[in-house]
Amino acid sequence: NAGVTQTPKFQVLKTGQSMTLQCAQDMNHEYMSWYRQDPGMGLRLIHYSVGAGITDQGEVPNGYNVSRSTTEDFPLRLLSAAPSQTSVYFCASRRTSGNQETQYFGPGTRLLVL
Amino acid sequence: GDSVTQMEGPVTLSEEAFLTINCTYTATGYPSLFWYVQYPGEGLQLLLKATKADDKGSNKGFEATYRKETTSFHLEKGSVQVSDSAVYFCALSKGGGGNKLTFGTGTQLKVEL
């Protein structure tokens, strides 16, 4: 049981480049989400999914796309990277029953956009 | 909208000192409250949680009590260790809408010998 895994751990992009941040979980959790962490701002929700084929926007969705074709995977795509997207990105998952369930976080992807 | 406010850090303590990290929240209804901890270079881990008023969450010597009358969930530990050095996040969650977590900005704790 690996929990929540994320790849890559670190990435440098040039402005305008595209890339996909990978996230996978092996706990059969319905709910998955992406957060970005910036200094002095805590974690902010980008997109989330309550199950395969269902996604929705969070607090800061602009510039990011997601899809959920399987229960296990929830990739985050940057179509045209901007310096403002320099951040640490965390993927999380949990069961969807009630609001008492624990969210499990991946180790994060550190992204630098030049 | 919902929000969480934490005391600003960094907080620097000597080993075996008493720790308090303040957290207050604004939310309608009855949120669940959480403390997450982030050790250097790692993701967030759940430290403790409380799901209704007057509940006390506890783990690894840390405690926090859900106070609805003061909308607070302060984190305390009686005797901190160097290994407790980390960033601590207070968060809330409400049912519906995907059960999203709303985080505070985090408080960095440094414990010195």
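First to last, the sequence lines map onto chains A and B.
In terms of the working numbering, the first sequence is residues 472 to 585.
In terms of the working numbering, the second sequence is residues 2 to 114.
The beta carbon of each residue, even a glycine, is placed where N, CA and C say it ideally should be.
Please read these numbers as outputs of a predicted model, since none were measured by experiment.
With its beta carbon less than 9 Å from one in chain B, Tyr506(A) belongs to the interface. Between Lys101(B) and chain A, the shortest Cβ-Cβ separation is below 9 Å. Contact check for Thr557(A) and Leu516(A): beta-carbon distance about 18 Å, past the 8 Å limit, so the pair fails to qualify.
Under the 9 Å criterion on CB atoms, Val483(A) is classed as non-interfacial with respect to chain B. Comparing C-alpha distances from Asp497(A) to each of Ile525(A), Arg566(A) and Thr491(A) shows the shortest one belongs to Arg566(A).
Remark: C-beta atoms of Arg539(A) and Thr491(A) do not approach each other more closely than 9 Å. Note that the stretch 521-528 of chain A does not touch the stretch 13-21 of chain B; fewer than 3 beta-carbon pairs, one per stretch, sit closer than 8 Å. When the alpha-carbon of Gln46(B) is set against those of Ala54(B), Lys53(B), Tyr37(B) and Thr52(B), the nearest one is in Tyr37(B).
The three-state reading of DSSP puts Val112(B) in strand, counting E and B together. Taking the Cβ atoms as the reference, Cys494(A) lies roughly 5 Å from Gln477(A), within the contact range of under 8 Å. In the displayed model, Ser540(A) falls within coil according to three-state DSSP, outside both helix and strand.
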